[in-house]
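Peer 1:
Number of protein chains: 2
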Amino acid sequence: MKPSPEFVLQQLEPHTVRISTRKRQKLAISAESDETLYLIQTGVFLVRAAWRDDRHQILSLLYPGDCIRSSAIPPLDGTEIAAASENGEVWRLRWSIARGLFEGDPDLAHHVSDRLADQTARLALHNTIIAGLTGDERVAALMTEIALRVGKQTPAGIVFDMPLSRTDIAEHLALNADTVSRIVSRMRANGLIAVAGRNRLVCRSIEALAYECPIATTIRRMHETAPRRTLVA
Amino acid sequence: MKPSPEFVLQQLEPHTVRISTRKRQKLAISAESDETLYLIQTGVFLVRAAWRDDRHQILSLLYPGDCIRSSAIPPLDGTEIAAASENGEVWRLRWSIARGLFEGDPDLAHHVSDRLADQTARLALHNTIIAGLTGDERVAALMTEIALRVGKQTPAGIVFDMPLSRTDIAEHLALNADTVSRIVSRMRANGLIAVAGRNRLVCRSIEALAYECPIATTIRRMHETAPRRTLVA
DNA sequence: CACCCCTTTTGATCTCGATCAATGGTTTCG
DNA sequence: CGAAACCATTGATCGAGATCAAAAGGGGTG
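Protein sequence lines, in the order shown, are assigned to chains W and A.
Residues in the first sequence are numbered consecutively from 9, following the working numbering.
Residues in the second sequence are numbered consecutively from 9, following the working numbering.
1) Quick one: what does DSSP say W/G86 is sitting in, helix, strand or coil?
2) Does W/P163 get closer than 8 Å to chain A when you measure Cβ to Cβ?
3) Measuring alpha carbon to alpha carbon, tell me which residue in W/M230, W/L47, W/Q19 is nearest W/L133.
4) For W/A218 and W/I191, I'd like the C-alpha separation in whole angstroms.
5) When the Cα atoms are used, what is the spatial distance from A/L156 to A/E232?
6) Quick one: what's got a C-beta closer than 7 Å to A/A117's C-beta in the same chain, skipping five residues either side?
7) Using a C-beta to C-beta distance shorter than 7 Å, which residues of chain A count as neighbours of W/I89?
8) What are the complete alpha helix (DSSP H) segments, minimum 4 residues, inside the segment 124–170 of chain W?
9) What ranges does the beta strand (DSSP E) occupy inside the segment 180–216 of chain W, keeping only unbroken runs of at least 3 residues that lie completely in it?
10) Mind checking A/N198: buried by the 16 CB within 10 Å criterion, or exposed?
11) Is there at least one Cβ from chain A nearer than 8 Å to W/N135's Cβ?
12) Helix, strand or coil: which one does DSSP assign to A/V16?
13) Work out the CA separation of A/I137 and W/Q65 for me, nearest whole Å.
14) Check the DSSP bridge columns for W/K34 and list the partner residues they point to.
15) What's the C-alpha gap between A/N135 and A/A224?
16) Identify, in the order they occur along the chain, each residue of the same chain with its Cβ nearer than 6 Å to the Cβ of W/H23, setting aside the five sequence neighbours on each side.
17) Return the residue from the list A/L17, A/Y46, A/R206, A/D42 that minimises the CA-CA distance to A/V25.
18) Scan the segment 122–153 of chain W for residues whose Cβ lies nearer than 9 Å to a Cβ of chain A and list them as they occur along the chain.
19) State the start and end residues of the unbroken alpha helix (DSSP H) segment that holds A/H64.
20) Can you find the residues in the same chain that come closer than 6 Å, C-beta to C-beta, to A/L183, ignoring five residues on each side of it along the sequence?
21) Do you know whose CA, among W/I227, W/D115, W/Q127, lies nearest W/V16's CA?
22) Does DSSP put A/T225 in a helix, in a strand, or in coil?
23) Within the continuous beta strand (DSSP E) that includes W/I76, where are the two ends?
24) Less than 8 Å between CB atoms is the rule here; does W/A7 satisfy it with respect to chain A?
25) Taking only the alpha-carbon atoms, compute the straight-line gap between W/M9 and A/R206 and give it to the nearest angstrom.
26) Hey, quick one: how far does the alpha helix (DSSP H) through A/A80 stretch, first residue to last?
27) For W/S68, decide whether its Cβ has a neighbour in chain A, counting only Cβ atoms nearer than 8 Å.
28) Is there a Cβ from chain W that is less than 8 Å from the Cβ of A/H23?
29) So which residues on chain A does W/T226 lean against when the C-beta distance must stay under 7 Å?
30) Can you check DSSP and say which residues form a bridge with W/I27?
31) Can you tell me which of A/T128, A/S189, A/V158, A/W59 puts its alpha carbon nearest to the alpha carbon of A/Q49?
32) Indicate the three-state DSSP secondary structure (helix, strand or coil) for W/T44 in the structure shown.
33) Please report the distance separating the alpha-carbon of W/A178 from that of A/V188.
34) Run through the DSSP bridge pairs and tell me what A/L54 is partnered with.
35) Classify W/T162: buried if its beta carbon has 16 or more other beta carbons within 10 angstroms, exposed otherwise.
36) How is the alpha helix (DSSP H) around A/S104 delimited, first residue to last?
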């Protein structure tokens, strides 16, 4: 009988530093000599890079349950992990310590390894999205992902707080903020999403949203069944 | 005293199936129930996905020394690993077996884990390339990478066999094959690269090539020092 | 050698999204 | 409260690269 994933990672807790984050707070990405492992507990986080003058780029989104190891982030200028949600919680520990713990606990090692493989697959999927889809399809893909990850099912549809600004969305999808604004307006006009308050959106039908994006099937497969937390509440 | 990476992976050899590949030969990506780990020994390989009608896309390039685990590839339609070089060699083993071996050999586990993290970082870097660079810059980035990976230093510069066709390059860089052809012609005209036979190119100055690409520093850092093999010859 | 198939090259035109610009809304903070 | 930032929206214009089309290699095979 295998222990549940929640239980597996709970064992790391005594070795970690708990970090409560506020929106836009940054987490350090340490140098190779002292690699870091972050375990996302609550909230959405962004991996961001700057790559000339004042242009930024959001390489990936992190959700509760994700693990991120600093050597999985390329050594670009100005890379950082930043909180996108109002309140978040992350656990931090040194990779060298995690490695040691893995040796005594294969289940733990395998769980973290699987989470890191998920990250890799998501990055590859994101490549597909920005390389092969139109602007409208990209935004539909992102909305689907976020609705599945942070949304709550209600009678009116899936309600979720959008953790990304227009600029963030643009930086993640290789679009322009102006273009994103236009696309989102169009999605509202078409009834795909509706506004339900400050930064809060409703998606009446996830199927209708998925219909706008050619690879929605894959997105749903990867984000509907992922582990959502690393520690039981 | 740590064993060398080559020695570490050599221990896997008795548990693997050796595969000799010819150009365009495909490797199976098994379902989740029987996940596969491939160890690239010789040659360049492509991870390819098809995502509508007859459009393909090359998600990543694999070089000798790389490890690839099938769950790190997203469940898109028509994903496959294909040989890009004339002659290649890969070792295959079931992930469940690899997991078991990791438990008895932490160095092995750490080495594979590090290689997988490299893959992740490279995917993130590739996101940056296709999301933020112009067509010319993307091709310069790819040429730099391949020259560093498969090239040989000669008095005339770095000589390398280009494992990718124009179409492959286009599918990897989110460009059009026509556009790639134009860009490569321009690079030839500018003396950045020269033709030295069938599919063979010479890069006189890697510095000149790097100058064309804003993130060449990062590319060089990631591809110059990577392990090149998993087994001593 | 001639034929076929596939890749590459090059030209002409078109389009999606970037860029520039102006306006209004919202949060923050003295 | 009012000023300063920041964010979102919308219009007008522009351009990098896609698309379409046609020609030119370049090998393999009979």
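Glycine residues also receive a C-beta, built at the ideal position from the N, C-alpha and C atoms.
Peer 2: According to the structure shown:
1) Here residue 86 of chain W refers to the residue found at position 78 when the first sequence is read from its first residue. In the three-state reduction of the DSSP assignment, W/G86 falls in the coil class, being assigned neither a helical nor a strand state.
2) Along the first sequence, read from residue 1 onward, the residue named residue 163 of chain W stands at position 155. The beta carbon of W/P163 sits no closer than 8 Å to any beta carbon of chain A.
3) On the first sequence, position 125 is the one that residue 133 of chain W refers to. Checked all of W/M230, W/L47, W/Q19; the closest Cα to W/L133 is W/M230.
4) Residue mapping note: residue 218 of chain W aligns to position 210 of the first sequence, counting from 1. Residue mapping note: residue 191 of chain W aligns to position 183 of the first sequence, counting from 1. Taken atom to atom, the span from the alpha-carbon of W/A218 to that of W/I191 is near 15 Å.
5) Start at 1 with the first residue of the second sequence, and residue 156 of chain A comes out as number 148. Start at 1 with the first residue of the second sequence, and residue 232 of chain A comes out as number 224. Within the model, the alpha-carbon separation for A/L156 versus A/E232 is close to 6 Å.
6) Numbered from its first residue, the second sequence carries residue 117 of chain A at position 109. Answer for A/A117: F110, listed in chain order.
7) Numbered from its first residue, the first sequence carries residue 89 of chain W at position 81. For the C-beta of W/I89, not a single chain A residue is nearer than 7 Å; the gap to the nearest is close to 12 Å.
8) Listed in chain order, they are 143–158.
9) Within the segment 180–216 of chain W, complete beta strand (DSSP E) segments of at least 3 residues are found at 208–211, given in chain order.
10) Taking the second sequence and counting its residues from 1, one reaches residue 198 of chain A at position 190. That one is exposed.
11) Here residue 135 of chain W is taken as the residue at index 127 of the first sequence, counted from 1. Answer yes: the Cβ-Cβ gap between W/N135 and chain A drops below 8 Å somewhere.
12) As a position in the second sequence, residue 16 of chain A is number 8, starting the count at 1. In the structure shown, A/V16 sits in a helix (DSSP, three-state: H, G or I).
13) The count along the first sequence starts at 1 and reaches residue 65 of chain W at position 57. The count along the second sequence starts at 1 and reaches residue 137 of chain A at position 129. Looking at the two C-alpha atoms, the distance is approximately 11 Å.
14) Counting from one through the first sequence, the residue named residue 34 of chain W turns up at place 26. In the DSSP output, where bridge partners are listed per residue, W/K34 has W/A90.
15) Mapped onto the second sequence, residue 135 of chain A falls at position 127. Mapped onto the second sequence, residue 224 of chain A falls at position 216. Their backbone Cα atoms lie some 14 Å apart in a straight line.
16) The sequence position of residue 23 of chain W within the first sequence is 15, counting from 1. Only L101, I105 meet the Cβ criterion.
17) On the second sequence, residue 25 of chain A is found 17 positions in, with the first residue counted as 1. Per the Cα distances, A/Y46.
18) Contacts with chain A (Cβ-Cβ distance below 9 Å) from the segment 122–153 of chain W involve D122, L124, A125, D126, Q127, T128, A129, R130, L131, A132, L133, H134, N135, T136, I138, A139, G140, L141, listed in chain order.
19) In the second sequence, the residue the question calls residue 64 of chain A occupies position 56. The continuous stretches of alpha helix (DSSP H) do not include A/H64, which lies in the beta strand (DSSP E) extending over residues 63–70.
20) Residue numbering aside, residue 183 of chain A sits at position 175 when the second sequence is read from its first letter. So the list reads G143, once near-sequence residues are dropped.
21) For the purposes of this step, residue 16 of chain W is taken as the residue at position 8 of the first sequence. Cα-wise, what sits closest to W/V16 is W/D115.
22) For this step, residue 225 of chain A is matched to residue 217 along the second sequence. Three-state DSSP puts A/T225 in a helix.
23) By 1-based counting over the first sequence, the position of residue 76 of chain W is 68. For W/I76, the enclosing beta strand (DSSP E) starts and ends at 75–77.
24) Only positions 9 to 241 of chain W appear in this structure, which leaves residue 7 of chain W out of reach.
25) Translated into positions along the first sequence, residue 9 of chain W becomes position 1. Translated into positions along the second sequence, residue 206 of chain A becomes position 198. Model confidence at W/M9 stands at a pLDDT of 47, short of 50, so the residue's coordinates are unreliable and nothing is read from them.
26) As a first step, residue 80 of chain A must be located in the second sequence, where it is residue number 72. Annotation: A/A80 is outside any alpha helix (DSSP H) and is labelled neither H nor E by DSSP.
27) Taking the first sequence and counting its residues from 1, one reaches residue 68 of chain W at position 60. By this cut-off, W/S68 is an interface position.
28) Position 15 of the second sequence, counting from 1, holds the residue named residue 23 of chain A. No, A/H23 does not count as interfacial toward chain W.
29) By 1-based counting over the first sequence, the position of residue 226 of chain W is 218. In chain order: P82, P83, L84.
30) For the purposes of this step, residue 27 of chain W is taken as residue 19 along the first sequence, with counting starting at 1. W/I27 pairs with W/V98.
31) As a working mapping, residue 49 of chain A is identified with position 41 in the second sequence. Looking at the Cα atoms, A/V158 is the closest of the given residues.
32) The residue given as residue 44 of chain W occupies position 36 in the first sequence. Residue state, collapsed to three classes: strand.
33) On the first sequence, position 170 is the one that residue 178 of chain W refers to. On the second sequence, position 180 is the one that residue 188 of chain A refers to. Taken atom to atom, the span from the alpha-carbon of W/A178 to that of A/V188 is near 26 Å.
34) As a first step, residue 54 of chain A is located in the second sequence; it is residue number 46 there, counting from the start. Beta-bridge partners assigned by DSSP to A/L54: A/L69, A/A90.
35) Numbered from 1 along the first sequence, position 154 holds the residue referred to as residue 162 of chain W. W/T162 should be labelled exposed.
36) As a first step, residue 104 of chain A must be located in the second sequence, where it is residue number 96. Element bounds for A/S104: 103–112.
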